[in-house]
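Numbering (our numbering), first residue to last: 1 to 83.
We put the beta carbon where it would ideally sit given N, CA and C, even for glycine.
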Amino acid sequence: MNNGILCVVGCVRDVANMLLLLLMIGATYSHYALGDSVDKMVPAIVCGTLLLLRLIARKLVSACHSSCYRGRSTTDDAHTKSD
Numbered sequence: 001m002n003n004g005i006l007c008v009v010g011c012v013r014d015v016a017n018m019l020l021l022l023l024m025i026g027a028t029y030s031h032y033a034l035g036d037s038v039d040k041m042v043p044a045i046v047c048g049t050l051l052l053l054r055l056i057a058r059k060l061v062s063a064c065h066s067s068c069y070r071g072r073s074t075t076d077d078a079h080t081k082s083d
């Protein structure tokens, strides 16, 4: 019950990641438009970069999983496990 927040469905995580990434882009642009110094933009830039890297890593892992398991049937798995 306590770990319910960690067990969020994959598509919800991706949508939340995209929304937070857009928020960080907006925050960076707002600081830039107001003429703030770079040191005030750093938290938004760092968080946005981490969110972007997380999104890229998730897409790469899901692409790898789909390409690794493509063309394999459950009967092939059963034969390799019994050998």
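Practice item. Using the Cα positions of residue 64 and residue 58, report the straight-line distance between them to the nearest angstrom. Key: 10 Å
Check your understanding: How big is the Cα-Cα spacing for residue 19 and residue 60?
Key -> 20 Å
Check your understanding: Which two residues bound the contiguous alpha helix (DSSP H) that contains residue 39?
Key -> 38-68
Exercise for review: Output the distance between the C-alpha atoms of residue 44 and residue 36, rounded to the nearest integer angstrom.
Suggested key: 13 Å
Practice item. Determine the closest residue to residue 49 out of 23, 66, 33 and 12, with distance taken between C-alpha atoms. Key: 23
**Study point:** Of the listed residues 52, 69, 62 and 33, nearest to residue 21 (C-alpha basis)
**Key:** 52
Point to revise | Closest Cα partner of residue 46 within the set 62, 11, 25 and 15 | key: 25
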